[in-house]
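Written out below as structure tokens is the structure these notes cover.
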Amino acid sequence: MDTPERFSNLPEYAFPRLRKLLDSHPAGGETINLTIGEPKHAMPGFVAGVLAENMAGFGKYPPNDGTPELLDAISGWIGRRYKVDVGPERIMQLNGTREGLFNAAIALSPETKNGRKPVVLIPNPFYQVYAVAAVEVGAEPVFVPATEETGFLPDYEALPAEILDRVTIAYLCSPANPQGSVAPRDYLARLLHLAEKHDFRLFSDECYAEIYRNAPPPGALEVAAEEGIDPERVVVFNSLSKRSNLPGLRSGFVAGGTEAVRLMRRLRSYTGAPVPLPLQRVSERVWSDEAHVIENRALYAEKYRDAEEIFSGVNSFRMPEGGFFLWLPVEDGEAAALKLWTETGVRVLPGAYLAREADGFNPGKGYIRVALVAPREETRRGLIQLRDCLYT
């Protein structure tokens with residue numbers, strides 16, 4: 224059977240590529256996996272009890288858009304975190320943010336823009352679902368480099384008007400995966416005004432927003448409210464995977480304008496990927512609790528301090544502002560990852576696997592991504608071996 228051409232041309236996903244690069248070579252020591260961004264800290268202690276109390280819910284079809292109680296809990300969290308009123312009618316629960324980041328493009332990107340093929344803007348490097356979503360809706364993906372020269376954020380404002388006038392969606396991740404850069408308020412404000420001027424939506428991926436070093440990262444919803452931006456311009460995605468160490472719960476949300484959420488809900492009524500009712504009950508409780516989030520952030524703060532100490536003599540080292548990745552410069556990411564694996568047993572991800580070559584340039588090629596998700600002592604051992612192998 225033929226594969227649709229639009230998908231057959233997609234590059235292989237990052238982790239199969241990594242296995243091909245490393246797994247035919249023996250590890251040079253104890254395996255320490257610093258590749259995938261799967262949180263390893265303990266989940267909130269009350270989760271098992273809430274789940275046990277609601278087991279009967281597995282015998283019912285779950286509400287497609289989220290229970291009223293869950294939507295109220297998410298609305299309350301948005302109000303506390305960002306000081307902006309987003310009612311339940313502007314929220315839909317998600318089966319993890321990846322589902323939402325993909326399906327929202329299907330629901331909200333028109334087939335043409337000003338009579339021409341639409342454009343989806345994607346930061347480069349990027350979370351790979353952004354590109355697949357652009358391909359699925361028949362848009363032209365435009366990969367915009369997010370490099371040291373641009374503060375590791377995409378400079379969408381620098382694009383020519385003939386591209387901007389075709390844009391239907393601009394993806395942004397803040398704190399960024401993989402660089403850990405945080406979009407400041409003025410950056411978000413300028414981007415939102417750009418969206419108003421050229422009539423497109425900002426898809427703001429904020430799943431790392433509760434892991435940060437100093438100040439809480441601003442969110443697109445709050446900046447839009449401060450700037451008086453049409454709420455329909457902003458679609459925000461978040462989840463409990465990173466915030467609450469519950470990647471297996473597959474529970475998140477999308478929030479935006481009333482019309483945008485209506486269209487996403489209509490699509491979901493046909494495609495149907497709701498979170499099971501007992502897991503919605505767990506999610507309701509988790510969004511309502513901040514104590515475990517503070518504890519989780521403190522654990523990452525310890526690993527931030529370890530990284531800062533370990534790499535203090537490496538002039539090229541830059542601490543991330545948020546998230547749980549280090550974005551470390553090397554001469555060649557693939558060569559560095561292979562050398563590190565064969566000499567020490569530490570696994571990291573070549574940055575090129577998270578980026579796309581555009582105009583002859585892959586902005587991830589000279590980097591490796593290092594996840595700070597393992598227990599502190601294991602992470603510390605891995606970072607020391609990485610430093611000694613690649614930087615001394």
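Numbering of the sequence shown is given in the numbering used here, commencing with residue 224 and proceeding in unit increments.
Think of the CB as a built atom: it goes at the ideal place given N, C-alpha and C, for glycine as much as any other residue.
Q: Could you tell me if A369 is buried or exposed, where buried requires 16 or more neighbouring beta carbons within 10 angstroms of its beta carbon?
A: buried
Q: Have a look at L245, P239, Y236, P234 and flag the residue whose alpha-carbon is nearest the alpha-carbon of E557.
A: L245
**Q.** Ordered list of alpha helix (DSSP H) runs contained in the segment 364-393, each at least 4 residues
**A.** 384-387
Q: Report the rounded CA-to-CA distance for H416 versus E600, giving the unit in angstroms.
A: 45 Å
Q | Run of the alpha helix (DSSP H) containing A581, from where it starts to where it stops | A | That residue, A581, is in no alpha helix (DSSP H); it is neither H nor E in DSSP.
Q. Based on the DSSP output, what are the partners of S427 in its beta bridges?
A. L395, V459
Q: Determine the closest residue to G403 out of R604, R592, L609, G605, with distance taken between C-alpha atoms.
A: R592
**Q.** Inter-residue CB distance, G319 and S474 (contact presumed, cutoff 8 Å)
**A.** 7 Å
Q: Report buried or exposed for E165, applying the criterion of at least 16 other Cβ atoms within 10 angstroms of its Cβ.
A: This structure leaves residue 165 out entirely; the chain is present only between 224 and 615.
Q: Less than 8 Å between the CB atoms is what I'm expecting for P333 and R389, so what's the real figure, rounded?
A: Contact doesn't hold; Cβ gap of about 11 Å is too wide.
**Q.** Option nearest N337 by Cα separation, candidates A328, I386, R488
**A.** I386
Q) Would the segment 234-252 and the segment 480-500 be scored as touching if the rule is three or more Cβ pairs under 8 Å? A) no
Q) Looking at the structure shown, is V360 part of a helix, part of a strand, or coil, going by DSSP? A) coil
Q.
Closest to Y435 by C-alpha separation, out of Y410, F460, V405, would be which residue?
A. V405
Q. Between the segment 345-363 and the segment 576-583, do at least 3 Cβ pairs fall closer than 8 Å?
A. yes
Q: Return the CA-CA distance between I345 and A438, expressed in angstroms with no decimal places.
A: 26 Å
**Q.** A279, enclosing alpha helix (DSSP H) - first and last residue
**A.** From DSSP, A279 is part of no alpha helix (DSSP H); its letter is neither H nor E.
**Q.** Option nearest D582 by Cα separation, candidates V367, F423, V360, D611
**A.** V367
Q. Would A275 be called buried (16 or more neighbouring beta carbons within 10 Å of its own) or exposed?
A. exposed
Q: Work out the CA separation of A514 and I297 for me, nearest whole Å.
A: 16 Å
Q | Burial state of D288 (16 or more Cβ within 10 Å) | A | buried
Q | Segment limits, alpha helix (DSSP H) that includes I297 | A | 291-305
**Q.** Whether V459 touches A478 by CB criterion (8 Å)
**A.** yes
Q: Would you decide whether N326 is buried or exposed? Buried here means 16 or more other CB atoms lie within 10 Å of its CB.
A: buried
Q. Does the distance from the C-beta atom of V505 to that of K263 stay below 8 Å?
A. no
Q. Exposed or buried, which one is M487 when buried takes at least 16 other CB atoms within 10 Å?
A. buried
Q. So what does Q316 bridge to, in DSSP terms?
A. F476
Q. Under three-state DSSP, which class holds N519?
A. helix
Q. What three-state label does DSSP hand R339 in the structure shown?
A. strand
Q | Which of helix, strand or coil DSSP assigns to R541 | A | coil
Q: Determine the burial state of T567: buried for a count of at least 16 other Cβ atoms within 10 Å of its Cβ, exposed for fewer.
A: buried
Q. So what's P454 in DSSP terms, helix, strand or just coil?
A. helix
Q) Expressed to the nearest angstrom, what Euclidean distance is found between the alpha-carbon atoms of A483 and E531? A) 42 Å
Q: Would you mind reading off the limits of the alpha helix (DSSP H) that contains P558?
A: A small correction: the amino acid at residue 558 is Ala; Pro does not occupy that position in the sequence shown. From DSSP, the alpha helix (DSSP H) with A558 extends over 556-567.
Q: If I'm right that Q503 touches Q316 with Cβ under 8 Å, what's the distance once you round it to whole angstroms?
A: 7 Å
Q. Given a threshold of 16 other Cβ atoms within 10 Å of its Cβ, counted over all protein chains shown, does N519 qualify as buried or as exposed?
A. buried
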